[in-house]
Amino acid sequence: MNRRSEIKLRSALVRACALMVLPGWAFSAEPAATEVLQVVETAPVQTSTAYADSSQALLMVQQLQDEVRELRGQVEALQFRLDQMNKQARQRYIDLDQRLLELARQVSRPAPETQTPPESATNPDATESTDPAAKPAGDTPVSAASAARAPVSAEQQRRYQAAFEKVRQQKFKEAIGAFLDFIRNYPDSDLTANAYYWLGEVYLVENELEKAKQAFIVVLGNYPKHRKAADARFKLGVTYHRLGQTEEARKSLEQTVSDYPESHAAELARAYLKKLGTSG
63 MNRRSEIKLR
73 SALVRACALM
83 VLPGWAFSAE
93 PAATEVLQVV
103 ETAPVQTSTA
113 YADSSQALLM
123 VQQLQDEVRE
133 LRGQVEALQF
143 RLDQMNKQAR
153 QRYIDLDQRL
163 LELARQVSRP
173 APETQTPPES
183 ATNPDATEST
193 DPAAKPAGDT
203 PVSAASAARA
213 PVSAEQQRRY
223 QAAFEKVRQQ
233 KFKEAIGAFL
243 DFIRNYPDSD
253 LTANAYYWLG
263 EVYLVENELE
273 KAKQAFIVVL
283 GNYPKHRKAA
293 DARFKLGVTY
303 HRLGQTEEAR
313 KSLEQTVSDY
323 PESHAAELAR
333 AYLKKLGTSG
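Here the sequence shown is numbered in the working numbering, starting from 63 and rising by one per residue.
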């Protein structure tokens, strides 16, 4: 019984009692008693209706809460799947880079010769020839990017692999320090371009976009013919896009397609251009 019905019932009872003590109560008590009965009979109906309404509202709230929990679970599941796919894609890319690096190292090994080789050929650690005729013409020094690649020493390979392993383990802060150390110690190594590239990749993962941009620009500026140049050009476009520089992103992606049309980076660039709403 709600509050309003209770008050109404009490009022009717008071009137009934008052009539009973007055003259002629026998003639007037009957209507009062009838009113009391009406109040008593209707009160449960009103209470029952209010209870039914509140129960229905509570049920709706519970159903909405269940739906929200279900949707939240679906979102979390999708986010987990996306994270796993990103990790798998990154791991495949790392493995591919390792295979390409090993192939390039094998190709760069000197082939056996039947004639007595010059001293520079028998010394794989030599960075330049002592024969003046073997030096390029002109007075302009030749940078490591344009000169013939020097063989990678065992120590360089070990240091680079140690830095690369940090990327595999997703220890990105440590990987940044290891690649920077490698670049400082071996600025003229054939692996320095790789170190700059992966430095950019790690900066991109860490959302240090300006540093990522500079690392990719170094690869393109100092090592334009390097095997990582196409990937660096594509990732530079991605970095520009994440920086909000859409026009620069589009130019870099289009240049990836035009300069390296048969590369995997060009395929990725075409797909990214479609994402930007442009044609590649």
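Beta carbons are placed, not taken as given, at the ideal position from N, Cα and C, and that holds for glycine.
- Counting along the chain, Asp252 sits inside no alpha helix (DSSP H), nor does DSSP assign it H or E at all.
- By the 16-neighbour rule on beta-carbons within 10 angstroms, His303 is buried.
- In the three-state scheme derived from DSSP, where H, G and I count as helix and E and B as strand, Gly299 is classed as helix.
- Excluding the 5 residues flanking it on each side, Ala240 has same chain C-beta neighbours closer than 7 Å at Ala224, Ala225 and Lys228, in chain order.
- With a cutoff of 7 Å on beta-carbon distance, Ala237 and Val264 are scored as near each other.
- Judged by pairs of C-beta atoms under 8 Å, the region 244-254 does not touch the region 262-276, as fewer than three such pairs exist.
- Approximately 14 Å separates the beta-carbon atoms of Phe278 and Leu330; this is outside 8 Å, ruling out the contact.
- Arg220 counts as exposed, since fewer than 16 other beta carbons sit within 10 angstroms of its beta carbon.
- Using a 10 angstroms sphere on the CB of Gln231, the tally of other CB atoms stays under 16, which defines it as exposed.
- For Leu335, the enclosing alpha helix (DSSP H) has its first and last residue at His326 to Leu338.
- Counting the other Cβ atoms within 10 Å of the Cβ of His288 gives 16 or more, which makes it buried.
- For Tyr322, there is no enclosing alpha helix (DSSP H), as DSSP marks it with neither H nor E.
- From the listed residues Leu242, Lys313, Asn284 and Glu217, the smallest Cα separation to Leu335 is found for Lys313.
- Between Tyr222 and Asn256, the beta carbon gap of about 7 Å places them in contact (Cβ cut-off 8 Å).
- Short of 6 Å from the beta carbon of Leu298, and not among the five residues preceding or following it, lie these beta carbons of its own chain, in chain order: Phe278 and Ser314.
- CA-to-CA, the gap between Lys273 and Thr318 works out to about 20 Å.
- A straight-line Cα-Cα distance of about 7 Å links Phe244 and Thr254.
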